[in-house]
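Taken in order, these protein sequences are the chains called A and B. Quick note: the first sequence uses our numbering, first residue 1, plus one each step. Quick note: the second sequence uses our numbering, first residue 134, plus one each step. All residues carry an ideal CB built from backbone N, CA and C; glycine is no exception. Just so we're clear, the structure is a prediction, and the values are computed from it rather than from any experiment. Notes to accompany the following structure.
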Amino acid sequence: MSQIKSIADLKKKREETRTGLNIRNKPTDPENNVEVKVAMATCGIASGAKPIMEFFVEQLDRRNIPGVVTQTGCMGYCYAEPTVEIKLPGKDSVVFGFVDLKRADMIIEKYIKEGELIDGIIPVNYETIDSKE
Amino acid sequence: MSKYSMHLMVCGGTSCHGSESDAIVWNLRDELEAKGLTNKVQVILTGCFGFCEKGPIVKVMPDNIFYVQVKPEDAQSIVEEHIIKGKIVTRLLYHDPKTDKPIGDSKHAGIFKKQLRIVLRNCGFINPESIDEYIARYGYQALGKALTEMTPQDVIKVIKDSGQRGRGGAGFPTGLKWEIASKSQSDEKYVVCNADEGDPGAFMDRSVLEGDPHSVLEAMAICGYSIGASNGLIYVRAEYPLAVHRLQVAIAQAREYGLLGKDIFGTGFNFDIELRFGAGAFVCGEETALIHSMEGLRGEPTIKPPFPAEAGFRGKPTNVNNVETYAAIPVIILKGAEWFSKIGTEKSKGTKVFALAGKINNVGLVEVPMGTTLREIIFEIGGGIRHGKKFKAVQTGGPSGGCLTEKHLDIPIDFDNLVAAGSMMGSGGMIVMDEDDCMVSVAKFYLEFTVEESCGKCAPCRIGNKRLHELLNHITEGKGSVDDLSRLRNMSLVIKDTALCGLGQTSPNPVLSTLDNFMEEYVAHVKDKKCPAGKCKSLMEYYIIPENCVGCTACARVCPVNAISGQRKEIHNINPEVCIKCGACMEKCKFDAIIIR
Numbered sequence: 001m002s003q004i005k006s007i008a009d010l011k012k013k014r015e016e017t018r019t020g021l022n023i024r025n026k027p028t029d030p031e032n033n034v035e036v037k038v039a040m041a042t043c044g045i046a047s048g049a050k051p052i053m054e055f056f057v058e059q060l061d062r063r064n065i066p067g068v069v070t071q072t073g074c075m076g077y078c079y080a081e082p083t084v085e086i087k088l089p090g091k092d093s094v095v096f097g098f099v100d101l102k103r104a105d106m107i108i109e110k111y112i113k114e115g116e117l118i119d120g121i122i123p124v125n126y127e128t129i130d131s132k133e
Numbered sequence: 134m135s136k137y138s139m140h141l142m143v144c145g146g147t148s149c150h151g152s153e154s155d156a157i158v159w160n161l162r163d164e165l166e167a168k169g170l171t172n173k174v175q176v177i178l179t180g181c182f183g184f185c186e187k188g189p190i191v192k193v194m195p196d197n198i199f200y201v202q203v204k205p206e207d208a209q210s211i212v213e214e215h216i217i218k219g220k221i222v223t224r225l226l227y228h229d230p231k232t233d234k235p236i237g238d239s240k241h242a243g244i245f246k247k248q249l250r251i252v253l254r255n256c257g258f259i260n261p262e263s264i265d266e267y268i269a270r271y272g273y274q275a276l277g278k279a280l281t282e283m284t285p286q287d288v289i290k291v292i293k294d295s296g297q298r299g300r301g302g303a304g305f306p307t308g309l310k311w312e313i314a315s316k317s318q319s320d321e322k323y324v325v326c327n328a329d330e331g332d333p334g335a336f337m338d339r340s341v342l343e344g345d346p347h348s349v350l351e352a353m354a355i356c357g358y359s360i361g362a363s364n365g366l367i368y369v370r371a372e373y374p375l376a377v378h379r380l381q382v383a384i385a386q387a388r389e390y391g392l393l394g395k396d397i398f399g400t401g402f403n404f405d406i407e408l409r410f411g412a413g414a415f416v417c418g419e420e421t422a423l424i425h426s427m428e429g430l431r432g433e434p435t436i437k438p439p440f441p442a443e444a445g446f447r448g449k450p451t452n453v454n455n456v457e458t459y460a461a462i463p464v465i466i467l468k469g470a471e472w473f474s475k476i477g478t479e480k481s482k483g484t485k486v487f488a489l490a491g492k493i494n495n496v497g498l499v500e501v502p503m504g505t506t507l508r509e510i511i512f513e514i515g516g517g518i519r520h521g522k523k524f525k526a527v528q529t530g531g532p533s534g535g536c537l538t539e540k541h542l543d544i545p546i547d548f549d550n551l552v553a554a555g556s557m558m559g560s561g562g563m564i565v566m567d568e569d570d571c572m573v574s575v576a577k578f579y580l581e582f583t584v585e586e587s588c589g590k591c592a593p594c595r596i597g598n599k600r601l602h603e604l605l606n607h608i609t610e611g612k613g614s615v616d617d618l619s620r621l622r623n624m625s626l627v628i629k630d631t632a633l634c635g636l637g638q639t640s641p642n643p644v645l646s647t648l649d650n651f652m653e654e655y656v657a658h659v660k661d662k663k664c665p666a667g668k669c670k671s672l673m674e675y676y677i678i679p680e681n682c683v684g685c686t687a688c689a690r691v692c693p694v695n696a697i698s699g700q701r702k703e704i705h706n707i708n709p710e711v712c713i714k715c716g717a718c719m720e721k722c723k724f725d726a727i728i729i730r
């Protein structure tokens, strides 16, 4: 890793990561990658997010779905932990709540493979500063 | 890839569920089937949209149209008009209460989205253990801007003009704090992040540290530049192991990139950050006690002045801010003071994160602009009270705050309005209570906490709170008198006036605010020896209504202390002397014959 010594360096790094963010260190065919984010703050982990994350890592691989699974922080939906956000290529991301192993399997089979929504999606009920401007 | 070209999303949040969203789903599915559209349009039940006041809600995707207060019989119009003919059903749209104009597009303004995430902008979005992802979201851009384009005075001016106030509880203007620290002369200064989050029910600082640690590091470096400090310290609880781990990862990554350390951005500015662990004492959230704890001394407060900005860590000028305060700084630098000061109320700018907990449907972390009302937070974002019970009170500000009631639901929340209403912002814990909560017990709970957490240095807090707690105990045991109520109030006021630090000065607040807002409940406890909410065990009595009792003996068999007597097919009786009030009989009775009175 090189040091960031100027604003230009920072910008370069940002552009690099921007284009790479979708691939999350997997340089193969970023356009068709499924992104899975698992809310892994203390609260998420306590309600069982870890095995869910492992399940997605293992099963995407086993079912030959090109995708990347990452951890992220608290999404704020404590009542619906564990929560998982899925971004299919070219679509808005969707948040699923109360994800246990059975539901995780359903998410892969129905949503990721077929694009069919399943009950219990959590609608995004906030704006962030990006969407504000 | 999907065979469906359209989705009908029906809100299945607890509140909408109550108003027949299941029936809406069935009717929509029936209609679609009748029209042969089941292969094209999918109907699904979703979580709460956070707009319960106008529920049930049906959202049509991809058209992004919101229908509100939908009834099961509206399914036909939605399918026939919207889906088949492509015409929006105007009568089901939300009508702006001011202009009476229909608004359908959910991307239209914040009507459908009460929350605005500034502090939580990256939480649940980026991988907190990847600095690259933070940089991709304009991370460290604000630090770069401050170092290369702004003087330290410019930075302080922006923060001052933004109107940001400290999110730790007291609401002191951040810019002013920085200015005082910058003007203090010293060879060395310190930037401290107070991550000693101790209020029961508050967890926003942990969430920020776990979800977006770099935002705090970046802000601390900006603060260091503006006040002339090159050392930063984060005081974090050892009982937040994941937050500690992610901070450590973040600090190591920032050092590797040269964003912490020597000669940052090639400007000659040096800044580095270390962690200090707290053992979880509530009083260490008070800045002087926090500094003592970091110095390796007992976590006890000292009298201010001198303020830490003049003489803090190791006697040097020290700027102490809370996690949430820091997390907003990079955004303020990038978007400017004017942008930030447009959000919020006149004297409280920006947004506030609240940890919504208690008897509420959507327990969670929410961030709303200052000036949002309690009603919007509790009944819309929070989805209302659990099990359809009646709202009674909301406790804000933790052990230093107070309980607000129905009549406060419509005041716009900001620092000053909450104080005027007899509570405070505090760190943003918000605990919702329903009709089953006894307010005397609630006050007692918080007192228990402060008695436990008092450092014991000053008498008013050490002895006074103990006495307050004893009085409350007496009252809940039915041993209180009317005189005790005035004694409670007097003692509370004395403690407030005479305690050394913020902990003691605010600890009687839960007592005072419940006395103000729920006097009748205190009176019921001391005069009638009754607990209206049925929570105080000593004050309640299980009783069998003779007319309802059929003599099935189920209650007598389940009673663990044999307090219930009565023959088969005869009316039973509970002996109050023996009864331990466990409630097992009441649960067992199928005839609603047992009540608490």
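What residue 127 of chain A touches in chain B, judged by beta-carbon distance under 8 angstroms, is 243, 246, 248, 249 and 250, going in chain order. Using a C-beta cut-off of 8 angstroms, the stretch 600 to 611 of chain B makes contact with the stretch 663 to 681 of chain B, since at least three inter-stretch Cβ pairs fall below that distance.
Under the three-state reduction of DSSP output, residue 326 of chain B falls in the strand class. Here residue 187 of chain B is buried. Its C-beta has 16 or more other C-beta atoms within 10 Å. With three or more CB-CB distances shorter than 8 angstroms, the stretch 250 to 267 of chain B counts as touching the stretch 64 to 74 of chain A. Contact between the stretch 285 to 296 of chain B and the stretch 468 to 486 of chain B is established, with three or more Cβ pairs separated by less than 8 angstroms. Your pair residue 173 of chain B and residue 138 of chain B checks out as a contact, with CB atoms roughly 5 angstroms apart and the cut at 8 angstroms. When CB distances to chain A are screened at a threshold of 7 angstroms, the residues of the stretch 331 to 351 of chain B falling below it are 339, 340, 343, 344 and 345, in chain order. Using a CB distance cut-off of 8 angstroms, residue 58 of chain A does not count as an interface residue toward chain B.
The three-state secondary structure of residue 421 of chain B, taken from DSSP, is helix. Out of B:692, B:678 and B:191, the CA that lies nearest to the CA of residue 156 of chain B is found in B:191. Excluding sequence positions up to five before and after residue 120 of chain A, its CB lies within less than 7 angstroms of the CB of 96, 97 and 98, all in the same chain and listed in chain order.
Distance between residue 702 of chain B and residue 584 of chain B, taken at the CA atoms: about 52 angstroms. Note that the C-beta distance between residue 682 of chain B and residue 724 of chain B is below 8 angstroms. Counting only the Cα atoms, residue 590 of chain B lies some 22 angstroms from residue 643 of chain B. Considering only beta carbons, the part of the stretch 81 to 106 of chain A lying closer than 7 angstroms to chain B consists of 97, in chain order. In the displayed model, residue 291 of chain B falls within a helix according to three-state DSSP. Taking 8 angstroms as the upper bound for CB-CB distance, residue 413 of chain B and residue 376 of chain B are not in contact here, some 13 angstroms apart. Contact fails between the stretch 493 to 512 of chain B and the stretch 572 to 582 of chain B, because fewer than three Cβ pairs, one in each stretch, are under 8 angstroms apart. For residue 144 of chain B, the three-state secondary structure derived from DSSP is strand. In this chain, the alpha helix (DSSP H) harbouring residue 643 of chain B covers 642 to 650. Taking 8 angstroms as the cut-off, the Cβ atoms of residue 536 of chain B and residue 650 of chain B count as close. When C-beta distances to chain B are compared with 8 angstroms, the residues of the stretch 61 to 79 of chain A below that value are 70, 71, 72, 73, 74, 75, 76, 77, 78 and 79, in chain order. Nearest CB-CB separation between residue 12 of chain A and chain B: not below the 8 angstroms threshold.
With fewer than 16 other Cβ atoms from the protein chains shown falling within 10 Å of its own Cβ, residue 318 of chain B counts as exposed. In terms of beta-carbon proximity, residue 49 of chain A stays away from the interface with chain B, with every pair separated by 8 angstroms or more.
Contact of residue 567 of chain B with chain A is not assigned, every C-beta pair being separated by 8 angstroms or more. Contact with chain A is found for residue 137 of chain B, since one of that chain's Cβ atoms lies less than 8 angstroms from the residue's Cβ. If you draw a straight line from the Cα of residue 225 of chain B to the Cα of residue 195 of chain B, it comes to about 18 angstroms. A contact is defined here as three or more CB-CB pairs under 8 angstroms, and the stretch 453 to 461 of chain B meets this definition with respect to the stretch 346 to 356 of chain B. When rounded, the separation of the alpha-carbon atoms in residue 162 of chain B and residue 206 of chain B is 12 angstroms.
Within the same chain, and ignoring the five residues on either side of residue 389 of chain B in sequence, no residue has its Cβ closer than 6 angstroms to its Cβ. Taking the Cα of residue 569 of chain B as reference, the smallest distance to any Cα among B:521, B:315 and B:615 is reached at B:521.
Taking the Cα of residue 474 of chain B as reference, the smallest distance to any Cα among B:267, B:306, B:432 and B:217 is reached at B:306. The C-alpha of residue 315 of chain B lies about 22 angstroms from the C-alpha of residue 427 of chain B.
Per the Cβ contact rule, the stretch 414 to 433 of chain B is not in contact with the stretch 392 to 399 of chain B (fewer than 3 Cβ pairs under 8 angstroms).
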